[in-house]
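Novice: Let me begin by handing over the structure; questions about it come next.
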Amino acid sequence: MLIDDVEIIAEGGKGGPGRVAFYSKKGAGPSGGDGGGGGDVYIETTPDLYALNKFLAHQQCSAPNGEPGGLNRKSGANGKDLNLVVPVGTTLIDGEGKETELNSLNQKLLLAKGGLGGKGNAFFKSPSNTTPRYAQPGLKGEKKKLILKLKLIADFGLIGLPNAGKSSLLNELTNAQAKTGAYPFTTLEPNLGVLNGKVIADIPGLIEGASEGKGLGHKFLKHIEKVTLLLHCISSDSVKPLSDYKIIRDEIKRFSPRLLEKQEIILLTKSDLVEEKDLEKKIKALSETKSKIIPVSIHNWDSLQTLIQTILQK
Ligand SMILES: Nc1nc2c(ncn2[C@@H]2O[C@H](COP(=O)(O)OP(=O)(O)OP(=O)(O)O)[C@@H](O)[C@H]2O)c(=O)[nH]1
Ligand SMILES: [Mg+2]
951 MLIDDVEIIA EGGKGGPGRV AFYSKKGAGP SGGDGGGGGD VYIETTPDLY
1001 ALNKFLAHQQ CSAPNGEPGG LNRKSGANGK DLNLVVPVGT TLIDGEGKET
1051 ELNSLNQKLL LAKGGLGGKG NAFFKSPSNT TPRYAQPGLK GEKKKLILKL
1101 KLIADFGLIG LPNAGKSSLL NELTNAQAKT GAYPFTTLEP NLGVLNGKVI
1151 ADIPGLIEGA SEGKGLGHKF LKHIEKVTLL LHCISSDSVK PLSDYKIIRD
1201 EIKRFSPRLL EKQEIILLTK SDLVEEKDLE KKIKALSETK SKIIPVSIHN
1251 WDSLQTLIQT ILQK
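If you're matching positions, the sequence shown starts at 951 in our numbering and goes up one per residue.
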């Protein structure tokens, strides 16, 4: 299962307490060392798309505390930093709703600073106080509630009603081996494939009412927010291709009207299933969309080549 939305608590380690101690030789004064600093919490990106899955079971992400100060003015060890590894494409949302996109690989940010270690009693020695009997406690680390949301990074996004042939196309165009089937909702989470270095995302089918939670809902639409070109798949054997088109556009609009501004190509899929004349009719019916329309079939090599050439020029 691809986890693409989790809430975590990032907490820096607590600083270690300073120590109260004295040298054994009489009059030699205080020897208590400082506590070590608490570990910091960082976030870092990886290519592993499934890297958010581990947070389902581990929402509390705390860096280790600093060690207490030692004898002979020895400082306690600092707590080790904690690195939270997340997929590239993750958006970080803080408590105030501020969003930070982590779109490059090995990008690293500080999430929560560890607390300072307390000073040991040796630190407080002064001419007026040669035997201080107190030390500071360590300070608490920063604590932040954060939402991590993955939005896939892809160049092209395959969208459309269930069963439109999206995953079959992904498999033909790329190295992907997505499951396909002659029934709706075969795809339950996005699939990715690569065509000449360009990433294609296959998004689970949408239906009318997706924005109200029908079918799989519209939560997967966040994964087309970063694509440059939408490949809107409509089955050639649909009796109402324009209505199919509008259903999807409507659901996209409800999710985020900005997505409608993306470039799109309409793919009349499964073109082998209909007569040439019928295909012409469907193209005509879709002409009011003003979008480029390409008939394509996974059983027609030429049509796949035309599609590949067109999208790689985008
Ligand atoms: N004849 C023909 N059948 C096709 C073609 N493309 C896909 N199919 C079939 O159509 C059915 C649906 O294909 P999928 O690729 O699973 O469709 P999908 O859009 O990914 O469906 P969901 O994952 O449910 O949204 C499968 O039985 C495919 O074999 C095509 O070009 N020609
Ligand atoms: Mg599919």
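By construction, the Cβ of each residue, glycine as well, lies at the ideal position given by its N, Cα and C atoms.
Computed from a predicted model, the values in this text were never measured in an experiment.
Excluding sequence positions up to five away, which residues of its chain have a Cβ less than 6 Å from the Cβ of ALA1104?
Specialist: For ALA1104, where only same-chain residues beyond five positions count, the Cβ hits under 6 Å are VAL1149, ALA1151 and VAL1177.
Novice: Under 8 Å Cβ to Cβ from GLN1127, same chain only, skipping five residues before and after it: list those, please.
Specialist: Correct list, in chain order: ASN1121.
Novice: DSSP on ALA960, reduced to helix/strand/coil?
Specialist: ALA960: strand per DSSP, three-state reduction.
Novice: Residues in the same chain with beta-carbon distance under 6 Å from ASP1194, minus the five sequence neighbours each way, listed in chain order, please.
Specialist: Cβ within range, chain order: LEU1111, ILE1184 and SER1188.
Novice: At 3 residues or longer, what runs of the beta strand (DSSP E) sit wholly inside the region 982-1015?
Specialist: DSSP runs (the beta strand (DSSP E)) wholly in the region 982-1015: 991-996 and 1010-1012.
Novice: Taking C-alpha atoms, which residue in ALA1114, ILE1198 and PRO1140 lies nearest to LEU1223?
Specialist: Of ALA1114, ILE1198 and PRO1140, the residue nearest in Cα terms is ALA1114.
Novice: Report the option in ASP1031, ASP1252, LEU1156 and SER1241 whose CA atom is closest to the CA atom of GLY986.
Specialist: Comparing Cα positions, the closest option is ASP1031.
Novice: Tell me where the alpha helix (DSSP H) around ILE1174 begins and ends.
Specialist: Looking at the DSSP string, ILE1174 is not in any alpha helix (DSSP H), and its letter there is neither H nor E.
Novice: Just to check, is the beta-carbon of ASN1113 closer than 7 Å to a non-hydrogen atom of ligand 1?
Specialist: ASN1113 Cβ: within cutoff of ligand 1.
Novice: Taking contact to mean 3 or more Cβ pairs, one atom from each stretch, closer than 8 Å, check whether the region 1046-1057 and the region 963-976 are in contact.
Specialist: The answer is no - the region 963-976 does not touch the region 1046-1057, with fewer than three Cβ pairs under 8 Å.
Novice: What do you reckon, is the C-beta of ALA1128 under 7 Å from a heavy atom of ligand 2?
Specialist: Correct: ALA1128 has its Cβ closer than 7 Å to ligand 2.
Novice: Let me make sure I understand the geometry here. Which of ILE1197, LYS1190, ASN1141 and PRO1134 has the alpha-carbon closest to that of GLU1158?
Specialist: Ranking ILE1197, LYS1190, ASN1141 and PRO1134 by Cα distance to GLU1158 puts ILE1197 first.
Novice: Just verifying my parser: in three-state terms, what is the DSSP assignment at ASP1152?
Specialist: Strand, per DSSP.
Novice: What are the boundary residues of the beta strand (DSSP E) that includes THR1178?
Specialist: Per DSSP, THR1178 belongs to no beta strand (DSSP E) and is neither H nor E.
Novice: Considering only their Cβ atoms, is the gap separating ALA1160 from HIS1173 smaller than 8 Å?
Specialist: Cβ atoms of HIS1173 and ALA1160: not closer than 8 Å.
Novice: Consider the C-beta atom of CYS1011 and the heavy atoms of ligand 1; say whether any pair is separated by less than 7 Å.
Specialist: Checking the Cβ of CYS1011 against ligand 1 gives no.
Novice: Heavy atom of ligand 2 less than 7 Å from the Cβ of THR1124, yes or no?
Specialist: No, the Cβ of THR1124 stays beyond 7 Å of every heavy atom of ligand 2.
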